[in-house]
Amino acid sequence: MSTRFVPDQRVRIADRDAPGHVRTPVYVRGKEGRIERVLPRFLNPEREAYGVNEGGEVRLYRVRIEQSALWPDYDGPADDVLELEIYEHWLEQVDDRSGAEGR
Amino acid sequence: MTNAHETGTVDHGDHTHGTPGAPDPHAPIETAAEEPDYFDVLHQAIRELLVDKGLITADEVRAMVETLDAHRPALGSALVARAWTDPDFKERLLADGTAAIEEFGIDNYDGTRLIVLEQTPEVHNLVVCTLCSCYPRPVLGLPPDWYKSRPYRARAVREPRALLREFGTDVPQDVTIRVHDSNANMRYLVLPMRPAGTEGLSEEELAALVTRDTMIGVTTPRSP
């Protein structure tokens, strides 16, 4: 029942192809953001969609991504953000000490 | 569907017609059924199989449709009006939306969890589901067609400010926009700001200011 990530931690959303009922939109794959909040564990929809509806619960997080990190030509204020839900197995650790791209 | 009774342009008393652009009250109510597509056939086959095997009953299917139709934006409007008038309730609503709507008496029939997003002078929230049509159905009913359209789903995350301007909503540059992609298990309801000049209004009068679109975040409530 571990929680791998904590609020405000910097994370990267995995950039991989995955067939089936995947809830990670393509437009955020490979993008970096921060954990906005930790949500409960839910059945993995990638398995549930194929009838595996017990066990296999995975932690869900809300991730906040700066719009300018999503769209290089975003023309709104730098504070504008997008938030969405990402399952733990789609999140990767980012070395926060580098401070790269972060604020 | 247009309804002559709502237009006020057709007098059924003496059957006067002829208002330009008014709907024809004698128009057929139902046009010929279109050919079912692949998914219509698939849906019907699965439903009939489930009923034949005794896993669900036809009455349960009917009752679910009735439940879906019974949940309307008015529930969300009443909820927001309560939050505007009861600070303790508002606090509970923002802390745990699911528990608060159940406390308010709304049947959370689909078992989803609700996050309530507060509009403030500094932050404007906007809700979209880029993957399909996830929507807080227990509090708002079925989503409008535009919410499910590809242009809305794509532009809400790509250029929210331009999209909002087309809805008549000009969000100032010093207000942060937070777009919420409702892509997995949670559902989102926007809690709009109470307009100025509404101090004397009753909860019921306040609810009338809270339209569906204000709770999606594409517009804001107006003073009466």
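These protein sequences, in sequence, are chains A and B. Residue numbers 1 to 103, in the UniProt record's numbering, belong to the letters of the first sequence in order. Residue numbers 1 to 224, in the UniProt record's numbering, belong to the letters of the second sequence in order. For each residue, glycine too, the CB sits at the ideal point set by N, CA and C.
From the DSSP output, which residues share a beta bridge with residue i?
{"i": "residue 228 of chain B", "result": "Look at the range of chain B in this structure, 1 to 224, and you will see that residue 228 of chain B is not part of it."}
{"i": "A/E57", "result": "A/L43"}
{"i": "A/G33", "result": "A/V11"}
{"i": "A/E92", "result": "A/R12"}
{"i": "B/S113", "result": "The sequence given here has Arg at residue 113 of chain B, not Ser. B/M186."}
{"i": "B/E118", "result": "B/L191"}
Kindly say whether residue i, judged by its beta-carbon, lies nearer than 7 Å to any beta-carbon of chain A.
{"i": "B/I177", "result": "yes"}
{"i": "B/I216", "result": "no"}
{"i": "B/Q119", "result": "no"}
{"i": "B/Q173", "result": "yes"}
{"i": "B/R222", "result": "no"}
{"i": "B/T2", "result": "Per-residue confidence for B/T2 stands at a pLDDT of 40, beneath the threshold of 50, marking its modelled position as unreliable; the derived number appears in the next sentence. B/T2 does not count as touching chain A."}
{"i": "B/T16", "result": "For B/T16, the predicted structure reports a pLDDT of 48, less than 50, and the residue's modelled location is therefore unreliable. The matter cannot be settled from this model."}
Taking residue i as the query, report the chain B residues whose CB atoms sit under 7 Å from its CB, ordered along the chain.
{"i": "A/G76", "result": "R161 and I177"}
{"i": "residue 107 of chain A", "result": "The structure shown does not extend to residue 107 of chain A, since chain A spans only 1 to 103, so no value can be given for it."}
{"i": "A/L91", "result": "Neighbours of A/L91 on chain B: none; closest Cβ ~13 Å, over 7 Å."}
{"i": "A/Y50", "result": "By Cβ distance, chain B contributes nothing, its closest Cβ being about 16 Å from A/Y50, past 7 Å."}
Could you tell me whether the Cβ of residue i comes closer than 7 Å to any Cβ of chain B?
{"i": "A/V58", "result": "no"}
{"i": "A/R23", "result": "yes"}
{"i": "A/D15", "result": "no"}
{"i": "A/R103", "result": "Low local confidence applies: a pLDDT of 41 at A/R103 is under 50, so the model's placement there is unreliable, and no value is given."}
{"i": "A/D79", "result": "yes"}
For residue i, go through chain B and note every residue whose CB falls closer than 8 Å to its CB, in chain order.
{"i": "residue 107 of chain A", "result": "Nothing about residue 107 of chain A can be reported from this structure: the residues present for chain A run from 1 to 103 only."}
{"i": "A/E83", "result": "R178, V179, H180 and D181"}
Which class does residue i belong to by DSSP, given the choice of helix, strand or coil?
{"i": "A/V63", "result": "strand"}
{"i": "B/M64", "result": "helix"}
{"i": "B/Y135", "result": "coil"}
{"i": "B/L55", "result": "coil"}
{"i": "B/E205", "result": "helix"}
{"i": "A/V38", "result": "strand"}
{"i": "B/T160", "result": "Reading off the sequence, residue 160 of chain B comes out as Pro, not Thr. Looking at B/P160 - three-state DSSP - the assignment turns out to be helix."}
{"i": "B/A83", "result": "helix"}
{"i": "B/V218", "result": "coil"}
{"i": "B/Q44", "result": "helix"}
{"i": "B/P143", "result": "coil"}
{"i": "B/R212", "result": "helix"}
{"i": "B/R155", "result": "helix"}
{"i": "B/I101", "result": "helix"}
{"i": "A/F5", "result": "coil"}
{"i": "B/P73", "result": "helix"}
{"i": "B/R165", "result": "helix"}
{"i": "A/A69", "result": "helix"}
{"i": "B/A95", "result": "helix"}
{"i": "B/E199", "result": "coil"}
{"i": "A/V22", "result": "coil"}
I'd like to confirm something about residue i: is its beta-carbon nearer than 6 Å to some heavy atom of the ligand NAD, or not?
{"i": "B/R165", "result": "For the ligand NAD, the structure offers nothing, since it holds no ligand at all."}
Going along the chain, which residues of the region 130 to 144 of chain B sit with their C-beta nearer than 8 Å to a C-beta in chain A? Residues passing the 8 Å Cβ filter: T130 and L131.
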